[in-house]
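What follows is a single structure, written as structure tokens, with notes after it.
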Amino acid sequence: MNIKPSLQPLSQVGPGVLARQADCRSLRGRLSVDWVCGTPYDAVVMIDRNQRGQARLTAVFVLVGLIVTGVWVWKRIPPDTKDILVEHTVPITLLGLAGAMCLWLAVSRIRRGLDRRAQRERLIARFERATGTEQRLELAFALIELNRYRLKKLERVAPAMRDLFMATLKTALGDKQHRVRGMAASHLGVLRDKAALPLLLAALEDDHAYVRACAALALGRMRAGEATERLTQVMQDDWDQTVRSRAREALERIP
């Protein structure tokens, strides 16, 4: 018995049925695409895998062949020639490898230095163009960190960064801004500007131990002999162990 599906005119089909039919077609489309893309047997993928497997197998055979050939040749070399190779050729080869390694390290170091220099120049240019205080502060922190906490090569923007850090120490007084104050104090020490000395001494009395520790670190970086007495007092009396340690380290750096 043949059963013919009943067909209705499109005008008689309800919107719910049409929506379900569209969803089914969409689902079938997605399933077909997923099956084509995610099927466990993809001709292109399988061919590529087979080629890689054959390449690895060939490489293994070549390596084994080279080892066997090397052993075979070494066994047939006269003893006198072996002695010459061991005494002269092998040391020369090792020296050559060591020289090549040293050259590679030197070139890598030079390239890293050039990359750091280019990045430093870009950050300096961005810092000079920036107008927002927060953006300039982030760029100043990044610039000093990139320069490995050294003043050299930053002299051009050092006065602007000094003013920015000092203003931050004066204005970032909120309870949740202690990290910003601490970073500003710490980075002020890198600039070694004695104009910041009064602010750093005042920061040794900040409510947050993090700020006090950063101020002690900055005074040590500045080699501020004027702060010796105050740092000694902090090292002895501050309740926070980290602050006391930073004060002691600062005193050790001050001549």
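Under our numbering, think of the first position of the sequence shown as 242, with each following residue one higher. Cβ atoms here follow ideal geometry from the backbone N, Cα and C, with glycine treated the same way. Every value quoted in this text rests on a predicted model; they were computed, and no experiment measured them.
Alpha helix (DSSP H) segment containing residue i, residue limits
i: M402; result: A399 to T412
i: P496; result: Per DSSP, P496 belongs to no alpha helix (DSSP H) and is neither H nor E.
i: R453; result: A450 to R462
i: K323; result: P320 to I325
i: T374; result: T374 to L387
i: E362; result: V331 to R370
i: Q477; result: T469 to D478
i: G430; result: H419 to L432
i: L442; result: L438 to A444
Pairwise C-alpha distance: residue j and residue i
i: T299; j: V305; result: 10 Å
i: R420; j: Q477; result: 24 Å
i: T334; j: V303; result: 23 Å
i: R307; j: T322; result: Per the sequence shown, the amino acid found at residue 307 is Leu instead of Arg. Their backbone Cα atoms lie some 20 Å apart in a straight line.
i: A514; j: L344; result: In the structure as shown, the chain begins at 242 and stops at 496. Residue 514 is therefore absent and cannot be evaluated.
i: A465; j: A454; result: 15 Å
i: R494; j: A425; result: 20 Å
i: C278; j: V301; result: Only weak support exists for where C278 lies, its pLDDT of 39 falling under 50; the coordinates are left without a value.
i: G373; j: R389; result: 25 Å
i: V309; j: A341; result: 28 Å
i: L395; j: A401; result: 11 Å
i: V475; j: T469; result: 10 Å
i: V452; j: A381; result: 18 Å
i: C265; j: Q360; result: Reliability of the predicted coordinates at C265 is poor, the pLDDT of 46 falling under 50, and no value is obtained from them.
i: R489; j: D481; result: 13 Å
i: L346; j: K435; result: 39 Å
i: P332; j: T473; result: 58 Å
i: K316; j: E328; result: 17 Å
i: V484; j: E375; result: 27 Å
i: L336; j: T330; result: 10 Å
i: E379; j: E369; result: 13 Å
i: K417; j: R367; result: 27 Å
i: P319; j: I325; result: 10 Å
i: L355; j: W313; result: 49 Å
i: T409; j: P496; result: 29 Å
i: G311; j: A383; result: 55 Å
i: K411; j: A339; result: 55 Å
i: D479; j: G461; result: 17 Å
Expected contact under 8 Å - CB spacing of residue i and residue j to nearest Å
i: A413; j: A457; result: 19 Å between Cβ atoms; not a contact.
i: R206; j: L392; result: For the chain, the structure presents residues 242 to 496; residue 206 sits outside this window and is missing.
i: L440; j: M463; result: With 8 Å as the limit, L440 and M463 do not qualify as a contact, their Cβ atoms being about 12 Å apart.
Contact under 8 Å by Cβ, residue i with residue j
i: V431; j: I385; result: yes
i: V398; j: I351; result: no
i: A437; j: L445; result: no
i: S427; j: A459; result: yes
i: L387; j: R357; result: yes
i: D448; j: R422; result: no
i: L442; j: R403; result: no
i: Q371; j: R377; result: Residue identity check: residue 371 is Ala in the sequence provided, not Gln. Yes, the pair counts as a contact, with Cβ atoms nearer than the cut-off.
Closer than 7 Å: residue i CB and nearest the ligand MN heavy atom
i: V398; result: Ligands displayed in this structure: none; no statement on the ligand MN is therefore possible.
CB contact below 8 Å: residue i versus chain D
i: D447; result: Here chain D cannot be found, since the structure has a single protein chain.
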